[in-house]
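Q: Mind looking over this structure? Questions follow.
Protein chains: 2
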Amino acid sequence: MSAARAQAKVSGAEPLTAPVEDYLKAIYTIGKGTGPAATNEIAQRLALAPASVSGMVRRLADQGLLAYERYRGVRLTESGRLAALRTLRRHRVIEAYLAKALGYAWDRVHEEAERLEHAASDELVDRMAATIGEPHVDPHGAPIPTKDGSVDETEYRSLADLDVGVSGMIVRVADEDPEMLRYLAELSVVPGKRITVKSRAPYGGPISLSIGRHEMSIGPALAAHVLISPVADRAGKRG
Amino acid sequence: MSAARAQAKVSGAEPLTAPVEDYLKAIYTIGKGTGPAATNEIAQRLALAPASVSGMVRRLADQGLLAYERYRGVRLTESGRLAALRTLRRHRVIEAYLAKALGYAWDRVHEEAERLEHAASDELVDRMAATIGEPHVDPHGAPIPTKDGSVDETEYRSLADLDVGVSGMIVRVADEDPEMLRYLAELSVVPGKRITVKSRAPYGGPISLSIGRHEMSIGPALAAHVLISPVADRAGKRG
DNA sequence: GCACAAAGTTAGGACATACTAAATTATTTT
DNA sequence: AAAATAATTTAGTATGTCCTAACTTTGTGC
Numbered sequence: 003m004s005a006a007r008a009q010a011k012v013s014g015a016e017p018l019t020a021p022v023e024d025y026l027k028a029i030y031t032i033g034k035g036t037g038p039a040a041t042n043e044i045a046q047r048l049a050l051a052p053a054s055v056s057g058m059v060r061r062l063a064d065q066g067l068l069a070y071e072r073y074r075g076v077r078l079t080e081s082g083r084l085a086a087l088r089t090l091r092r093h094r095v096i097e098a099y100l101a102k103a104l105g106y107a108w109d110r111v112h113e114e115a116e117r118l119e120h121a122a123s124d125e126l127v128d129r130m131a132a133t134i135g136e137p138h139v140d141p142h143g144a145p146i147p148t149k150d151g152s153v154d155e156t157e158y159r160s161l162a163d164l165d166v167g168v169s170g171m172i173v174r175v176a177d178e179d180p181e182m183l184r185y186l187a188e189l190s191v192v193p194g195k196r197i198t199v200k201s202r203a204p205y206g207g208p209i210s211l212s213i214g215r216h217e218m219s220i221g222p223a224l225a226a227h228v229l230i231s232p233v234a235d236r237a238g239k240r241g
Numbered sequence: 003m004s005a006a007r008a009q010a011k012v013s014g015a016e017p018l019t020a021p022v023e024d025y026l027k028a029i030y031t032i033g034k035g036t037g038p039a040a041t042n043e044i045a046q047r048l049a050l051a052p053a054s055v056s057g058m059v060r061r062l063a064d065q066g067l068l069a070y071e072r073y074r075g076v077r078l079t080e081s082g083r084l085a086a087l088r089t090l091r092r093h094r095v096i097e098a099y100l101a102k103a104l105g106y107a108w109d110r111v112h113e114e115a116e117r118l119e120h121a122a123s124d125e126l127v128d129r130m131a132a133t134i135g136e137p138h139v140d141p142h143g144a145p146i147p148t149k150d151g152s153v154d155e156t157e158y159r160s161l162a163d164l165d166v167g168v169s170g171m172i173v174r175v176a177d178e179d180p181e182m183l184r185y186l187a188e189l190s191v192v193p194g195k196r197i198t199v200k201s202r203a204p205y206g207g208p209i210s211l212s213i214g215r216h217e218m219s220i221g222p223a224l225a226a227h228v229l230i231s232p233v234a235d236r237a238g239k240r241g
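Protein sequences appear in the order of chains A and B. The opening residue of the first sequence carries number 3 in the numbering used here; numbering runs sequentially from there. The opening residue of the second sequence carries number 3 in the numbering used here; numbering runs sequentially from there.
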């Protein structure tokens with residue numbers, strides 16, 4: 003497990019607004035923590051006009067949350083990264099809590115968490131986490147940052163990239179599209195399942211899989227949203 | 003138990019903003035549901051300048067949530083009253099849930115609920131309520147409105163108004179001041195306790211009480227925040 | 001290396017919410 | 001009923017977040 007650690011600079015910060023937290027989250031996930039994020043991509047992820055993003059990133063840069071050069075995209079500063087991780091922790095703990103303590107279906111937790119993450123205090127989130135046994139991942143397999151800003155940054159391969167014959171453990175699926183999540187659950191494509199790629203049709207054709215006794219085939223667009231931790235198969239071959 | 007019922011006019015409403023919900027809640031509690039609320043009182047309760055309230059109530063009136071005549075105060079319309087009750091239900095269910103399911107102290111639930119009430123969906127609130135057994139009151143004894151907009155509107159007498167010798171059951175205490183709540187808890191002045199007024203000093207002097215074996219005395223300002231359901235005492239006398 | 005496309009920014013404006021200061025209306029006192 | 005006081009509103013302004021339209025910069029293809 004590769005973990006990134008952050009110096010806990012105790013910003014004397016007033017609380018961030020909901021839109022600001024959303025920007026930071028988006029920039030974090032685009033840049034995978036430290037990388038740059040393009041204006042257009044931020045805009046797309048937040049469903050905003052690019053012009054709006056230009057304005058906002060300037061303000062966030064003034065507040066010291068971003069490093070920003072005109073026309074060059076943005077990058078989180080250390081304090082911006084920590085703020086993003088706090089929000090991400092909130093979001094994922096809330097998702098896990100809703101699923102485990104309140105019986106939410108896994109395709110419904112994202113939307114609810116998306117609002118609650120801006121209103122829940124750190125104390126509430128910590129109590130939720132404690133109540134359900136300090137989970138390390140949310141219901142879709144996304145790692146939950148710790149209070150001090152550590153997070154598992156292992157990069158997994160997507161199911162779309164696995165070679166034929168390779169087996170792996172499903173570790174994570176994309177969490178935003180409820181319909182997709184329901185479909186995946188129907189197919190038993192959920193974190194923790196062992197999966198084997200049986201065959202792949204060329205030119206974007208279907209990928210055939212087996213999970214336990216079940217056989218199925220899915221398109222590459224869907225497969226790209228399923229992340230896999232490779233494990234040796236019978237022949238000792240790796241992905 | 004007197005209950006007020008409301009015709010569930012299914013407004014095709016976009017969700018209300020947090021400030022709007024706060025205004026409606028304030029107006030509801032000032033007017034006890036149907037009465038008028040003065041601009042100044044709304045302003046005081048929300049810690050805003052009166053001028054800000056004038057502006058807002060006009061917009062709310064335009065939206066059909068309030069009946070408003072310049073210089074005459076406001077009154078909730080039926081749809082405004084229902085919206086206020088929805089928020090109040092959210093708030094109180096959340097308070098009860100935090101206390102019962104997550105171990106929050108009763109002096110901390112208000113602040114957390116104050117933020118969550120604007121972010122929680124009806125579904126979440128209903129699940130919370132179901133999980134803790136559909137409570138009828140929050141941790142401070144305030145009645146929880148039902149989903150269809152009914153609420154117990156019984157008006158109780160405050161401890162400050164009880165005559166000497168009278169006994170009663172504590173049904174509710176004011177919920178906003180954490181320090182006061184901690185003090186009351188220390189004295190066992192909590193909902194459900196049987197209380198008897200032993201004596202009252204004149205000119206705003208202390209009120210002497212007994213709760214079980216405990217004897218104590220408190221000032222009238224504090225007593226005013228404790229609501230009592232009168233019960234016959236040994237002599238059959240009533241408050 | 002120039003022209004065009006893509007990406008990004010600025011300009012100007014809207015809306016919700018808040019403020020202070022000044023004006024107005026309502027109420028109370030004398 | 002006039003004057004004084006209290007309550008409320010209007011006027012003008014600020015901030016945060018968003019928009020569209022027009023402009024500028026960057027990068028690509030020849």
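C-beta: ideal position from N, C-alpha, C; glycine also. Keep in mind that this is a model prediction, so the values were computed, not measured.
1) Which bits of chain B does H1 (chain A) rub up against, with CB to CB less than 9 Å?
2) Would you report the Cα separation of V22 (chain A) and A28 (chain A), rounded to the nearest angstrom?
3) With 7 Å as the threshold, decide whether the Cβ of L26 (chain A) is near any Cβ in chain B.
4) Straight-line CA distance for V76 (chain B) to P193 (chain B)?
5) With 16 as the cutoff for other CB atoms within 10 Å, does V127 (chain B) come out buried or exposed?
6) Three-state secondary structure (DSSP) at P232 (chain B)?
7) Whole angstroms is fine: what's the gap from E119 (chain B)'s alpha carbon to A121 (chain A)'s?
8) Just how far apart, CA to CA, sit L84 (chain A) and R60 (chain B)?
9) Since I believe I172 (chain A) is in contact with V153 (chain A) (beta carbons under 8 Å), could you give me their beta-carbon distance rounded to a whole number of angstroms?
10) Quick check: A115 (chain A) and I96 (chain A), are their CB atoms within less than 7 Å of each other?
11) Is the beta carbon of G214 (chain B) closer than 7 Å to that of I197 (chain B)?
12) Please classify S81 (chain B) as buried or exposed, where buried requires at least 16 other C-beta atoms within 10 Å of its C-beta.
13) So if DSSP puts A53 (chain B) in a beta bridge, which residue, or which two residues, is it bridged to?
14) If you follow the beta strand (DSSP E) that A69 (chain A) is in, where does it begin and where does it stop?
15) Helix or strand or just coil, what does DSSP make of G241 (chain A)?
16) To the nearest angstrom, how far is it from the Cα of A5 (chain A) to the Cα of P147 (chain A)?
17) When burial is assigned at 16 or more other CB atoms within 10 Å of the CB, is Q9 (chain B) buried or exposed?
18) By how many angstroms is the C-alpha of G57 (chain A) removed from the C-alpha of V111 (chain B)?
19) Closer than 8 Å between beta carbons: that is the criterion. Which residues of the stretch 123 to 149 of chain B meet it against chain A?
20) Taking the Cβ atom as the reference point for each residue, do S231 (chain A) and Y158 (chain A) lie within a distance shorter than 7 Å?
21) Comparing the C-beta of L90 (chain A) with each C-beta of chain B, is any distance below 7 Å?
22) Please determine if the stretch 93 to 107 of chain A and the stretch 129 to 138 of chain A are in contact, where contact requires at least 3 C-beta pairs separated by less than 8 Å.
23) Answer with yes or no whether the minimum CB distance from G181 (chain A) to chain B is below 7 Å.
24) Any residues in the stretch 51 to 84 of chain B with a beta carbon nearer than 7 Å to a beta carbon of chain A? Which ones, in chain order?
25) Apart from the five residues on each side of it in sequence, which residues of its chain come closer than 8 Å, Cβ to Cβ, to L229 (chain A)?
26) Along chain A, in chain order, which residues have C-beta atoms closer than 8 Å to that of L104 (chain B)?
27) Return yes when the Cβ of V199 (chain A) is within less than 7 Å of the Cβ of L164 (chain A), no when it is not.
28) Classify H216 (chain A) as helix, strand or coil using the three-state DSSP reduction.
29) Within this structure, are the beta carbons of A98 (chain A) and P137 (chain A) separated by less than 7 Å?
30) Run down chain A in chain order and give the residues with a C-beta less than 9 Å from the C-beta of E244 (chain B).
31) How many whole angstroms separate the CB atoms of R202 (chain A) and V166 (chain A), which I take to be in contact at a CB cut-off of 8 Å?
32) My assumption, with CB atoms under 8 Å, is that L26 (chain B) sits in contact with A86 (chain B). Please give the rounded CB distance.
33) Quick check: the Cα distance between P145 (chain A) and G33 (chain A), rounded to an integer number of angstroms?
34) Tell me whether H227 (chain B) sits in a helix, a strand or coil according to DSSP, three-state version.
35) Under 7 Å between the Cβ atoms of D24 (chain B) and L50 (chain B)?
A: Working from what's here:
1) Coverage of chain A is limited to positions 3 through 241, which leaves residue 1 (chain A) absent and any answer about it impossible.
2) 10 Å
3) no
4) 33 Å
5) buried
6) strand
7) 9 Å
8) 41 Å
9) No, V153 (chain A) and I172 (chain A) are not in contact; Cβ-Cβ is about 20 Å, not under 8 Å.
10) yes
11) no
12) buried
13) Per DSSP, none; premise fails for A53 (chain B).
14) 68 to 70
15) Here the model assigns G241 (chain A) a pLDDT of 44, short of 50, so the residue's position is not dependable, and the following value carries that caveat. Three-state DSSP puts G241 (chain A) in coil, outside helix and strand.
16) Any reading at A5 (chain A) must be qualified, since the residue scores a pLDDT of 39, below 50, and its modelled position is unreliable; no value is offered.
17) A caution first: Q9 (chain B) carries a pLDDT of 30, below 50, which makes its placement in the model too unreliable to give a value.
18) 37 Å
19) S123, E125, L126, R129, M130, T133
20) yes
21) no
22) yes
23) The residue you asked about is not Gly; residue 181 (chain A) is Glu in the sequence shown. No, E181 (chain A) does not count as interfacial toward chain B.
24) none
25) G143, Y158, R159, S160, L161, I172, V173, R174, V175
26) L126, R129, M130, T133
27) yes
28) strand
29) yes
30) Residue coverage of chain B in this structure runs from 3 to 241, which leaves residue 244 (chain B) outside it and unanswerable.
31) 6 Å
32) 4 Å
33) 16 Å
34) coil
35) no
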